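Residue numbers (the working numbering): 21 to 209.
Using N, Cα and C, we set each Cβ at its ideal position, and we do this for glycine too.
As the structure is a prediction and not an experimental result, all values here were calculated from the model.
Presented below is the structure to which this report refers.
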């Protein structure tokens, strides 16, 4: 995957560091409760939608449309599986890179942000000991339970913004080399 980063470098740009998120459990201390509660809520909503559908067709005297039921169940299943799919994508398909000009991510979404667009940044650690780089005002407001889900989508739709407001590298494998690069190029507090 490092090759993916190298292919996206500008001619005068140098890759200083690259790495994947460190190993993490999908249902770790930080994320277990929100995932379980979210799954229960999504299941309840799906059941309520189906109940309302069956009540309405019964009152109207029409027969049920299996296609609609399948769509509701498929959407509910996808919504319930999404936290697990996000965790898997981060573990298996994501690589982060720091160059002398940009912060980069390759994986489900390939993006890069020039350092001059990052006005605020912090390294924070969650309850499970995973360090996450949070860049921008919106990222800094997020709670640890939101970091993983947001990290998967954080680089999206930033092309028109003057300031990167939600750039995140989840579960960074931290060492002195990475810290030194970040302190040199990012406004880390």
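Q | Residue environment, residue 78, which counts as buried when at least 16 other CB atoms sit within 10 Å | A | Looking at its Cβ environment, which holds fewer than 16 other Cβ atoms inside 10 Å, residue 78 is exposed.
Q.
I need the straight-line Cα distance from residue 82 to residue 73, nearest angstrom please.
A. One C-alpha to the other measures close to 11 Å.
**Q.** Inside the region 163 to 203 only - beta strand (DSSP E) runs reaching at least 3 residues
**A.** For the region 163 to 203, whole beta strand (DSSP E) runs of length 3 or above, ordered along the chain, are 187 to 192.
Q) Where residue 122 and residue 129 are concerned, what is the direct C-alpha to C-alpha distance, given to the nearest angstrom? A) When rounded, the distance between both Cα atoms is 16 Å.
**Q.** residue 129, DSSP secondary structure in three states
**A.** Looking at residue 129 - three-state DSSP - the assignment turns out to be coil, as it is neither helix nor strand.
Q) Are three or more beta carbon pairs between the region 28 to 44 and the region 108 to 120 nearer than 8 Å? A) Judged by Cβ distances under 8 Å, the region 28 to 44 makes contact with the region 108 to 120, as three or more pairs qualify.
Q: Enumerate in chain order the residues of its own chain whose CB-to-CB distance from residue 185 is below 6 Å, with the five nearest sequence positions on each side excluded.
A: Around residue 185: 156, 157, 158.
Q: Please list, in chain order, all residues of the same chain as residue 125 whose beta carbon is under 8 Å from its beta carbon, the five residues on each side excluded.
A: Contacts found: 114, 115, 116, 117, 131, 132, 175, 189.
Q: Please check the pair residue 142 and residue 154, which I expect to be a contact at CB under 8 Å, by giving their CB distance rounded to whole angstroms.
A: Their Cβ separation, rounded to whole angstroms, is 5 Å, which keeps residue 142 and residue 154 in contact under 8 Å.
Q.
Considering only the alpha carbon of each residue, which of 100, 63, 120 lies closest to residue 33?
A. Nearest option by C-alpha distance: 120.
Q) Ends of the alpha helix (DSSP H) at residue 56? A) Per DSSP, the continuous alpha helix (DSSP H) segment holding residue 56 begins and ends at 49 to 80.
(Q) Closest to residue 151 by C-alpha separation, out of 168, 140, 139, would be which residue? (A) Relative to residue 151, the option among 168, 140, 139 whose CA is nearest is 168.
Q. Using CA coordinates, which residue listed in 209, 173, 28 is at the minimum distance from residue 140?
A. Among 209, 173, 28, the Cα nearest to that of residue 140 is on 209.
Q) Under the DSSP definition of a beta bridge, which residues are partnered with residue 46? A) Residue 46 pairs with nothing; no bridge assigned.
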